[in-house]
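In the numbering used here, the protein residues as written are 1 to 92.
In structure tokens form, the structure reads like this:
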């Protein structure tokens, strides 16, 4: 399912699933849609598997909602204009 649909339709599109996988492939079309799906899974006790960028987005979701850091984001080129790094690339 694409993250733009999730951002627009929210619960209506997610309620039919018994598990959610946040797959590789960043940047997602909708950063907000990706985070919404992860939050939805956590709050509704639905299993969530985040791989690669999906895992990174799960870390951001936890930082924003559980640690109360609303500016948390990925420190990668697509979100470089934002403040609040929780995930950074490791360079040599």
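Heads up, the beta-carbon is just placed ideally off N, CA and C, and yes, glycines get one too.
- Residue 25 and residue 32 have their C-alpha atoms roughly 15 Å apart.
- At the C-beta level, residue 13 and residue 20 stay beyond 7 Å of one another.
- For residue 50, the secondary structure class from DSSP, reduced to helix, strand or coil, is strand.
- For residue 22, the enclosing beta strand (DSSP E) covers residues 20-22.
- In this structure, the CA atom of residue 38 is about 12 Å from the CA atom of residue 64.
- The DSSP-derived three-state label of residue 36 is helix.
- Nearest to residue 45 by C-alpha distance, out of 53, 17 and 28, is 17.
- Counted as a single uninterrupted DSSP element, the alpha helix (DSSP H) harbouring residue 5 occupies residues 3-9.
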